[in-house]
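**Q** A single structure is presented below for examination.
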Amino acid sequence: MTDPAELEDEILDTLTGDEPVRTPGSIGLELKRRGVIEDYDVGEFREHLEDMRERGLVELNKGNWGEYTV
C-alpha cells in the first residue's frame, strides 16, 4: 500500500504534468503506469480526490464534470 502522503504528492504531480486536468480513472491509470500503485478501486480513489478537494489541494474543473485540476 502506498503511503497516503506519497500518493497525494504523486496525484498533484500528475495534475501539474503535460495534461493538467484529469478524471479519477485517468489519474489512477497514470499512477499505475508509473508503478506508484498496483491497482485501485475507482470509488475509493474518487473519495480520496474528494477529500483532497475539501482540503483545498485540488479542485473540480468548471465545465468538465468529474475532472480535477490544481
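Read in order, the letters of the sequence shown correspond to residues 174 to 243 in our numbering.
For each residue, glycine too, the CB sits at the ideal point set by N, CA and C.
Under DSSP, the alpha helix (DSSP H) around residue 243 begins and ends at which residues?
**A** It is not in any alpha helix (DSSP H) - residue 243 carries neither H nor E in the DSSP assignment.
**Q** Please tell me whether residue 222 and residue 215 are closer than 8 Å, where the distance is taken between their beta carbons.
**A** No, they are not a contact pair.
**Q** Would you report the Cα separation of residue 181 and residue 227, rounded to the nearest angstrom?
**A** Roughly 13 Å separates the two Cα atoms.
**Q** Rounded to whole angstroms, what's the CA-CA distance from residue 178 to residue 208? Just pull it up for me.
**A** In a straight line, the C-alpha of residue 178 is about 16 Å away from that of residue 208.
**Q** Which same chain residues, not among the five before or five after residue 203, have their C-beta less than 6 Å away from its C-beta?
**A** 187, listed in sequence order.
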